[in-house]
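These protein sequence lines are chains A and B, in that order.
Mapping to this note's numbering: the first sequence position 81 is 81, numbers consecutive.
Add 461 to the 1-based position in the second sequence for this note's numbering, that's all there is to it.
There are 2 protein chains.
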Amino acid sequence: MIKRQLNTVLLVALLFGAFIVKAQDTEKNTISAIYQNALTNYDSYNNLRELCTKAPGRLVGSPASELAIQILKAQVGKLQPDTCYLQNYTTPSWRVKSPCRATVQYGSKTESLNVVNLGLSVSTPLTGITGEILEVHSLNAVDSLGSKVVKDKIVFFNRAMDNSKTNTFEAYSGGVDQRAGGAAKAAQYGASGAIVRSLSTEKYDFPHTGVSRYKEGITKIPNISISTNDAEMLSRLNKQHAGVKVWVKSDTETIDSARTSNLIAEIKGSKHPEKIILIGAHMDAWFNSPGAHDDGAGCEQMIDVFRIFKELNIKPENTIRLVLFMDEEMYQSGSKVYAASVGKEKREHIVSIESDAGGLLPLGFGIDAGDSVINSLKKLAEPLVDYGIYKTGKGYGGVDIAPLKSFGIPLVGLMTNSQRYFEYHHSANDTVENVSRREMQLGTAAIASLVYLIDKNGIKY
Amino acid sequence: MIKRQLNTVLLVALLFGAFIVKAQDTEKNTISAIYQNALTNYDSYNNLRELCTKAPGRLVGSPASELAIQILKAQVGKLQPDTCYLQNYTTPSWRVKSPCRATVQYGSKTESLNVVNLGLSVSTPLTGITGEILEVHSLNAVDSLGSKVVKDKIVFFNRAMDNSKTNTFEAYSGGVDQRAGGAAKAAQYGASGAIVRSLSTEKYDFPHTGVSRYKEGITKIPNISISTNDAEMLSRLNKQHAGVKVWVKSDTETIDSARTSNLIAEIKGSKHPEKIILIGAHMDAWFNSPGAHDDGAGCEQMIDVFRIFKELNIKPENTIRLVLFMDEEMYQSGSKVYAASVGKEKREHIVSIESDAGGLLPLGFGIDAGDSVINSLKKLAEPLVDYGIYKTGKGYGGVDIAPLKSFGIPLVGLMTNSQRYFEYHHSANDTVENVSRREMQLGTAAIASLVYLIDKNGIKY
Chain A
1 MIKRQLNTVL LVALLFGAFI VKAQDTEKNT ISAIYQNALT NYDSYNNLRE
51 LCTKAPGRLV GSPASELAIQ ILKAQVGKLQ PDTCYLQNYT TPSWRVKSPC
101 RATVQYGSKT ESLNVVNLGL SVSTPLTGIT GEILEVHSLN AVDSLGSKVV
151 KDKIVFFNRA MDNSKTNTFE AYSGGVDQRA GGAAKAAQYG ASGAIVRSLS
201 TEKYDFPHTG VSRYKEGITK IPNISISTND AEMLSRLNKQ HAGVKVWVKS
251 DTETIDSART SNLIAEIKGS KHPEKIILIG AHMDAWFNSP GAHDDGAGCE
301 QMIDVFRIFK ELNIKPENTI RLVLFMDEEM YQSGSKVYAA SVGKEKREHI
351 VSIESDAGGL LPLGFGIDAG DSVINSLKKL AEPLVDYGIY KTGKGYGGVD
401 IAPLKSFGIP LVGLMTNSQR YFEYHHSAND TVENVSRREM QLGTAAIASL
451 VYLIDKNGIK Y
Chain B
462 MIKRQLNTVL LVALLFGAFI VKAQDTEKNT ISAIYQNALT NYDSYNNLRE
512 LCTKAPGRLV GSPASELAIQ ILKAQVGKLQ PDTCYLQNYT TPSWRVKSPC
562 RATVQYGSKT ESLNVVNLGL SVSTPLTGIT GEILEVHSLN AVDSLGSKVV
612 KDKIVFFNRA MDNSKTNTFE AYSGGVDQRA GGAAKAAQYG ASGAIVRSLS
662 TEKYDFPHTG VSRYKEGITK IPNISISTND AEMLSRLNKQ HAGVKVWVKS
712 DTETIDSART SNLIAEIKGS KHPEKIILIG AHMDAWFNSP GAHDDGAGCE
762 QMIDVFRIFK ELNIKPENTI RLVLFMDEEM YQSGSKVYAA SVGKEKREHI
812 VSIESDAGGL LPLGFGIDAG DSVINSLKKL AEPLVDYGIY KTGKGYGGVD
862 IAPLKSFGIP LVGLMTNSQR YFEYHHSAND TVENVSRREM QLGTAAIASL
912 VYLIDKNGIK Y
């Protein structure tokens with residue numbers, strides 16, 4: 001009798017064990033199928049080419065941004081999701097009316113410079129402004145010099161990104177203050193303009209833009225970015241010659257109210273349609289850039305997750321919601337509008353996952369959440385280590401999903417090989433040719449696999 | 462007394478422990494300094510640009526290859542190594558006299574095709590050859606069809622690389638038989654020519670070349686590579702139309718004897734000048750390619766190891782010998798000449814390290830040696846895991862160092878992210894613009910660090 005009971009216990013244990021092994025086998029096979037499907041597919045890369053060639057410079061409120069929304073909506077629509085709609089709203093915006101120009105004058109010579117407006121920069125008068133340049137390497141240096149030295153100068157922020165860091169996003173964080181706050185700081189002491197060295201790891205001719213902020217109550221001054229090559233030339237000339245002057249012409253305008261949209265689509269959950277796994281990226285890109293890595297690739301990766309689920313006939317238990325946000329670059333208006341609508345809906349988000357680190361070799365997922373969620377997701381993502389996703393852990397989610405944190409929603413960001421990112425970021429060099437299809441598709445496969453694993457196993461909060 | 466002895470033992474143990482900790486700290490600091498130096502340096506990338514723009518298509522025996530040797534010798538010479546000399550020899554060679562051309566004729570239409578000669582291909586008559594095409598997907602298929610079907614046809618090998626594999630080098634190995642042996646197989650059954658689909662992971666217009674071999678005693682037939690896009694077009698047209706014909710013009714010649722060289726340079730060991738740590742790469746590149754990843758990057762990485770040792774004032778105990786091999790692509794003549802000279806010299810090589818997997822993100826070192834060497838090198842390379850070198854283990858060394866294995870010399874190959882390699886390999890797309898400076902420099906830093914660690918700690922055989 002005791003023996004029979006023991007046998008039964010053993011049998012149950014064995015069957016249960018077999019069940020776990022089988023479940024793991026199924027998961028392993030599904031992940032393998034996801035990777036094989038992603039790597040052999042060219043649709044998503046062709047979609048990226050369509051987006052970046054037809055709608056480059058798709059800054060919020062621009063005609064290109066409206067075209068981008070339509071292109072992406074059509075690409076999603078082809079996959080026949082259960083829902084696909086626009087979340088419309090209005091927002092202020094800003095635009096470049098004609099490309100900014102600059103020259104350097106030394107001795108009897110004049111040379112043109114590779115420059116681009118920084119985001120939200122004001123215009124110069126029609127004839128431009130001319131001024132002596134004052135080279136500095138920090139915002140503090142401007143404080144130290146004070147009005148006497150700074151007044152009427154064009155302040156030239158020329159601190160290079162710290163290339164000695166192995167992670168370029170860290171180098172970016174350490175360098176972005178000049179771009180974001182340089183003009184405001186210079187204006188505080190009466191400067192007539194600001195020129196900022198581009199945030200690039202490389203020495204070349206592409207100028208990189210990005211958002212900058214003025215301070216309320218202080219006169220706004222024209223604010224431009226210069227290529228790393230020309231920053232070095234300007235610095236050299238300014239040391240070699242007396243009375244070096246720069247001429248800058250900027251022609252921009254703010255837009256009080258532009259109509260725009262987020263794009264939302266869903267594959268409804270078979271068991272828990274009210275529970276949401278959010279996958280997101282942003283549709284907008286800077287006026288001077290095709291926006292292939294930032295963030296066309298993210299958009300196409302998330303759309304391709306839908307394609308893969310459909311083609312492999314993976315029917316999720318929870319709803320997978322695709323959100324392509326508008327206006328990550330300037331005001332994060334799409335992100336705020338979406339977050340507000342979530343608050344209103346009171347719908348339950350299991351997790352939100354963003355891809356906004358380029359269509360580059362994926363290395364892991366950054367998780368912005370409590371320890372238990374981090375551990376749970378690390379455990380879930382273990383089968384992906386064999387596919388090179390070995391760096392999953394505490395980290396950063398993404399700008400667009402950031403406001404969801406206040407609702408207690410875990411944020412997850414695709415972590416990529418950062419080495420090449422700042423060759424492209426916010427510049428004309430961010431082209432589809434500089435995206436590797438296979439690297440982008442490995443990112444897609446990693447995201448699709450994580451979504452599948454979360455849907456199947458849940459997260460322990 | 463006993464207590465005093467115990468104290469002494471404890472003190473010795475503590476001091477010894479402190480010594481180990483200090484040694485590890487020194488190593489950690491040196492590796493950190495190597496990475497910082499590599500990542501902030503632009504010399505090596507500028508050297509690569511010089512090599513690839515001044516001496517593209519530097520196939521053994523060509524004027525470009527002679528120029529490449531001079532360029533690289535000058536680059537090495539600037540670093541003032543203890544020795545720097547050419548190891549001269551003669552070898553047969555082969556060249557393309559004028560670029561090969563091909564057209565497809567269907568109905569009343571003729572379209573030109575993106576093609577390139579495969580390595581060692583013979584010429585057609587001056588007016589070219591015209592023939593019906595026979596599409597096959599394997600060498601076995603040609604055997605099965607036999608002379609009746611194959612005779613006088615132009616056999617079109619159109620099996621695509623298997624993109625579902627996550628490691629593209631595996632996909633390459635699985636696809637290379639068509640290129641290496643397709644023409645020989647087709648000739649065996651009387652075909653008039655061979656066209657082979659390019660070994661590329663992508664669908665585009667670049668044809669890729671590479672070596673192919675004929676069989677002794679069988680008529681050699683013209684042998685060309687076609688871009689993946691045009692391979693798909695040719696296949697489609699051949700299905701849609703009857704009597705599709707292809708015209709091919711090939712103009713090549715073999716060279717009986719060309720004078721050429723390996724380039725050798727050394728930093729002499731301070732303690733054991735007779736013991737050698739070999740670092741190598743190959744100078745030659747296919748006639749149609751700037752050869753930036755294959756293998757300009759490898760050459761520049763190895764040269765940069767010298768620069769880093771010099772700049773950081775790291776004085777190795779053993780001799781670091783740089784060997785830039787000639788003719789990896791066709792006959793491996795440089796590799797054979799070097800190996801023969803080693804046999805003659807009876808000098809002791811501790812290890813040989815090659816970089817020939819592109820200037821791409823490094824992920825580890827492949828080791829071709831016995832288990833004890835593998836374990837010893839894995840242990841040595843542990844500090845590099847923090848720098849993303851996490852895949853070190855049993856693997857492949859390199860074509861140029863392969864003959865050294867018979868002398869019992871451990872072979873080590875830099876392992877890179879393979880995703881983008883076959884977008885470039887053996888094609889006009891292998892440009893310096895497609896090499897990321899930071900990725901290449903991370904490879905350099907990994908090699909320099911490994912050389913430093915081996916020099917300091919030795920390998921357990």
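Ideal Cβ placement from N, Cα and C applies to all residues, glycine included.
When the options are compared against residue i, the one with the closest alpha-carbon
i        : options                                : result
B/Arg898 : A/Glu202, A/Gln36, A/Glu216            : A/Glu202
B/Glu894 : B/Leu821, B/Leu579, B/Val616           : B/Leu821
B/Lys771 : B/Ile495, B/Gln485, B/Glu488           : B/Ile495
B/Glu593 : B/Gly904, B/Ile615, B/Asn498, B/Asn575 : B/Ile615
A/Gln36  : B/Asn624, B/Lys681, B/Tyr550           : B/Asn624
B/Arg774 : B/Pro517, B/Leu540, B/Cys760           : The sequence given here has Asn at residue 774 of chain B, not Arg. It is B/Leu540.
A/Gln75  : A/Gly298, A/Val248, A/Leu51            : A/Leu51
B/Gly651 : B/Asn690, B/Leu606, B/Ser573           : B/Leu606
A/Ser62  : A/Thr90, A/Asp205, A/Ser418, A/Arg95   : A/Arg95
B/Ile716 : B/Tyr913, B/Tyr665, B/Glu527, B/Ser554 : B/Ser554
A/Gly193 : A/Ser225, A/Tyr89, A/Asn429, A/Thr40   : A/Ser225
B/Gln880 : A/Pro362, A/Val373, A/Lys22            : A/Pro362
A/Asp205 : A/Ala428, A/Asn223, A/Val373, A/Gly334 : A/Ala428
A/Gly364 : A/Gly388, A/Thr53, A/Pro383            : A/Gly388
A/Tyr45  : A/Ala446, A/Leu442, A/Ile447           : A/Leu442
Interface flag, residue i vs chain B, CB-CB below 8 Å
i        : result
A/Asn163 : yes
A/Asn158 : no
A/Gln36  : yes
A/Asn47  : no
A/Leu442 : yes
Any chain A beta carbon closer than 8 Å to residue i
i        : result
B/Glu596 : no
B/Lys664 : yes
B/Leu724 : no
B/Glu488 : no
B/Met462 : Note that B/Met462 has pLDDT 46, beneath the 50 cutoff, so the model's placement of it is unreliable and the number below is only indicative. Answer no: the Cβ-Cβ gap between B/Met462 and chain A never drops below 8 Å.
B/Thr501 : yes
Straight-line gap, residue i to residue j (C-alpha atoms, nearest Å)
i        : j        : result
B/Phe617 : B/Leu520 : 26 Å
B/Met462 : B/Phe767 : A caution first: B/Met462 carries a pLDDT of 46, below 50, which makes its placement in the model unreliable, though a value can still be read off. Going by the C-alpha atoms only, they are around 54 Å apart.
A/Ser173 : A/Gly458 : 34 Å
B/Thr927 : A/Leu126 : Residue 927 of chain B lies beyond the range of chain B shown here (462 to 922); nothing can be said about it.
B/Glu677 : B/Ala648 : 11 Å
A/Tyr461 : B/Gln701 : 59 Å
B/Asp832 : B/Gly854 : 10 Å
A/Lys456 : A/Gly119 : 43 Å
B/Gln566 : B/Gly704 : 9 Å
A/Ile166 : A/Lys73  : A quick correction: the sequence has Thr, not Ile, at residue 166 of chain A. If I take the Cα positions, the gap works out to 38 Å.
B/Ile738 : B/Ser910 : 13 Å
A/Val451 : B/Gly538 : 55 Å
B/Ser608 : B/Gly643 : 15 Å
A/Leu199 : B/Arg562 : 45 Å
B/His810 : B/Ser559 : 43 Å
A/Ile409 : A/Leu453 : 17 Å
**OP:** Give a yes or no on contact between the region 808-821 of chain B and the region 863-876 of chain B, applying the rule of three or more CB pairs nearer than 8 Å.
**Re:** yes
Subject >> Contiguous beta strand (DSSP E) assignments of at least 3 residues, all confined to the region 77-115 of chain A >> reply: 83-106, 109-112
Original post:
Touching or not, the region 390-406 of chain A and the region 328-344 of chain A, by the rule of three or more beta carbon pairs under 8 Å?
Top reply: yes
Original post:
Would you call the region 320-330 of chain A and the region 278-293 of chain A touching, i.e. three or more CB-CB distances under 8 Å?
Top reply: yes
Subject >> Ranges of the beta strand (DSSP E) found wholly within the region 304-389 of chain A, counting only runs of at least 3 >> reply: Those beta strand (DSSP E) runs which fall completely within the region 304-389 of chain A and span 3+ residues are 318-325, 348-354, 362-368.
Subject >> Those runs of the alpha helix (DSSP H) which lie wholly inside the region 121-187 of chain A and span at least 4 residues >> reply: 139-150
**OP:** State whether the region 589-603 of chain B contacts the region 717-730 of chain B, with contact taken as three or more CB pairs (one from each stretch) at a distance under 8 Å.
**Re:** no
Original post:
Can you list the beta strand (DSSP E) stretches of 3 or more residues lying completely in the region 233-303 of chain A, in chain order?
Top reply: Under the rule that a run must span 3 or more residues, the beta strand (DSSP E) segments found entirely inside the region 233-303 of chain A read 245-267, 272-282.
Original post:
Could you give the uninterrupted runs of the alpha helix (DSSP H) lying entirely in the region 401-450 of chain A, keeping only those of 4 residues or more?
Top reply: Taking only runs of at least 4 residues, the alpha helix (DSSP H) segments lying wholly in the region 401-450 of chain A are 421-424.
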